[in-house]
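One structure is given below, encoded as structure tokens.
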Amino acid sequence: MTDLCGVRLRGPILNGSGTFDAIAARRTFGDALLERFPFDCFVSKTITAEPRQGNPPPRLWETPAGLINSIGLPNKGVEGFLRSDLPELAELPVPLCVSVMGFSRDELANLAGRVGDVDEVALIELNVSCPNVETGLIMGADPDETARALERVRPATEKPLIVKLTPNASDPPAVAAAAERAGADAVSLVNTLKGMAFHPRTREPWLGGGTGGVSGPAVRAIALEQVAAVSSAVRIPVIGMGGIASGRDARDFMDAGADLVAVGTESFLDPAAGRRIGAELRDLDGSTDATRNLRENN
Ligand SMILES: Cc1cc2nc3c(=O)[nH]c(=O)nc-3n(C[C@H](O)[C@H](O)[C@H](O)COP(=O)(O)O)c2cc1C
Numbered sequence: 011m012t013d014l015c016g017v018r019l020r021g022p023i024l025n026g027s028g029t030f031d032a033i034a035a036r037r038t039f040g041d042a043l044l045e046r047f048p049f050d051c052f053v054s055k056t057i058t059a060e061p062r063q064g065n066p067p068p069r070l071w072e073t074p075a076g077l078i079n080s081i082g083l084p085n086k087g088v089e090g091f092l093r094s095d096l097p098e099l100a101e102l103p104v105p106l107c108v109s110v111m112g113f114s115r116d117e118l119a120n121l122a123g124r125v126g127d128v129d130e131v132a133l134i135e136l137n138v139s140c141p142n143v144e145t146g147l148i149m150g151a152d153p154d155e156t157a158r159a160l161e162r163v164r165p166a167t168e169k170p171l172i173v174k175l176t177p178n179a180s181d182p183p184a185v186a187a188a189a190e191r192a193g194a195d196a197v198s199l200v201n202t203l204k205g206m207a208f209h210p211r212t213r214e215p216w217l218g219g220g221t222g223g224v225s226g227p228a229v230r231a232i233a234l235e236q237v238a239a240v241s242s243a244v245r246i247p248v249i250g251m252g253g254i255a256s257g258r259d260a261r262d263f264m265d266a267g268a269d270l271v272a273v274g275t276e277s278f279l280d281p282a283a284g285r286r287i288g289a290e291l292r293d294l295d296g297s298t299d300a301t302r303n304l305r306e307n308n
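In my numbering, the protein residues as written are 11 to 308.
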């Protein structure tokens with residue numbers, strides 16, 4: 011068993027928000043999904059206060075060893091989510107974490123309060139990779155902005171708050187430390203890195219949104235360094251992600267200081283990736299323990 015801010019999980023593998031549609035997967039795989047659920051905690055895609063259409067297509071571009079996505083957070087808005095998605099997500103056999111994003115501190119606090127009141131929600135992840143309309147700054151790009159957001163959100167709920175850090179900040183460890191001081195219970199990282207691609211013929215930007223976020227193995231080395239730096243700066247749990255595709259990758263993130271890990275882009279290649287990576291991690295740790303025991307007994 012693994013503990014995440016007082017919530018008991020059967021193992022250390024989460025999904026990256028927005029990279030696994032559990033409702034669509036249930037429709038495709040039926041109850042087999044519940045029997046062999048790939049993750050130990052399910053993180054919803056990011057929910058906003060009002061419904062959003064998301065960005066115009068195309069929304070994806072494949073890079074060497076990764077993806078650029080410009081999805082733009084399409085969602086039903088918090089009330090639509092609670093009405094139609096939450097009952098289905100509550101049937102999953104693992105604790106539920108809901109990811110929220112607000113365009114002002116008040117909006118974020120209201121969202122966290124609304125979602126936190128729901129019994130089936132075990133944890134809340136704050137996606138702070140968006141501009142704050144009050145200041146024009148990206149909430150999670152600056153330690154003071156992050157602290158001021160947390161100070162407003164913290165009194166709104168007693169549920170554990172995970173701050174999802176953006177790698178597009180000049181000093182992620184300082185942002186993480188500010189979040190911890192202002193009451194965050196955990197941090198997760200990395201969100202996607204900014205990127206773009208050009209249409210091969212028209213020479214216009216390929217993505218409907220112009221730019222997007224890079225994920226997958228292409229970002230793993232950067233994510234690993236940021237996880238190591240953030241882990242040394244905080245005492246709260248760290249959830250590491252960015253290009254994890256194997257148990258060995260997960261172990262690298264844990265050796266860098268992550269307490270838990272999340273699988274994102276890899277689930278597009280293999281919807282059962284979370285489960286495989288968990289098993290590979292257990293095998294790896296089991297064989298390391300066996301080697302250590304052999305060494306100690308000889
Ligand atoms: C298609 C797609 C959609 C995503 N949607 C969200 C989202 O709604 N909220 C969020 O915080 N992160 C979102 N992310 C970022 C992932 O959760 C994760 O932080 C990032 O992709 C790095 O992990 P990975 O390389 O394993 O995918 C999304 C990533 C992808 C590829």
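Ideal placement from N, C-alpha and C gives every residue a C-beta, glycine not left out.
Only a predicted model underlies this, so the values are computations on that prediction, with no experimental measurement involved.
By Cβ distance below 8 angstroms, which residues in the same chain neighbour residue i in space, the five residues on each side in sequence not counted?
| i | result |
| --- | --- |
| T73 | G205, A207, V224, G226 and A228 |
| S180 | A151 |
| D154 | A188 |
| V110 | T56, I57, T58, V88, L118, L121, A122, V125, I134, E135, L136 and N137 |
| F278 | T29 and L77 |
Does the distance between the C-beta of residue i and the nearest non-hydrogen atom of ligand 1 fall short of 7 angstroms?
| i | result |
| --- | --- |
| G26 | yes |
| V389 | Look at the range of the chain in this structure, 11 to 308, and you will see that residue 389 is not part of it. |
| T176 | no |
| T156 | no |
| S114 | no |
| K204 | no |
| K86 | no |
| K169 | no |
| S256 | no |
| G218 | no |
| M315 | The chain is shown only over 11 to 308; residue 315 falls outside these bounds and no answer can be derived. |
| S80 | no |
| L118 | no |
| M251 | yes |
| E101 | no |
| E290 | no |
| L77 | yes |
| L136 | no |
| E276 | yes |
Please go through the same chain and pick out, in chain order, the residues whose beta-carbon is closer than 7 angstroms to the beta-carbon of residue i, but skip the five residues on each side of it.
| i | result |
| --- | --- |
| A119 | R162, V163 and A166 |
| A100 | L106 and E130 |
| R261 | L291 and L294 |
| S256 | I287 and E290 |
Excluding five sequence neighbours on each side, which residues of the same chain lie with their C-beta closer than 6 angstroms to the C-beta of residue i?
| i | result |
| --- | --- |
| T182 | In the sequence as presented, Thr is not what sits at residue 182; that position holds Pro. The residues are L175, Q236 and V240. |
| R230 | G252 and G253 |
| I81 | G64 and R69 |
| G112 | L118 and L121 |
| P48 | A282, G284 and R285 |
Start and end of the alpha helix (DSSP H) containing residue i?
| i | result |
| --- | --- |
| L234 | R230 to A243 |
| E290 | A283 to N307 |
| I33 | A32 to F39 |
| N120 | R115 to G126 |
| L96 | L96 to L99 |
| L44 | A42 to E45 |
| V185 | P182 to R191 |
Quick one: what's residue i bridged to in DSSP?
| i | result |
| --- | --- |
| A272 | L24 |
| S225 | L77 |
| T12 | L19 |
| E72 | L77 |
| G250 | L199 and V271 |
| P141 | I148 |
Determine the extent of the beta strand (DSSP E) in which residue i is found, giving its start and end residues.
| i | result |
| --- | --- |
| E135 | V131 to N137 |
| L160 | Careful: L160 lies outside any beta strand (DSSP E), inside the alpha helix (DSSP H) at P153 to V163. |
Does the pairing of the stretch 129-148 with the stretch 60-73 give three or more beta-carbon distances under 8 angstroms?
no
Would you say the stretch 36-48 touches the stretch 73-90, given that touching needs at least three Cβ pairs under 8 angstroms?
no
So does the stretch 119-131 actually touch the stretch 92-102, counting three or more Cβ pairs closer than 8 angstroms?
yes
Inspect the CB distances between the stretch 211-221 and the stretch 241-248 and report whether three or more fall short of 8 angstroms.
no
Is the number of C-beta pairs between the stretch 108-122 and the stretch 54-63 that are closer than 8 angstroms three or more?
yes
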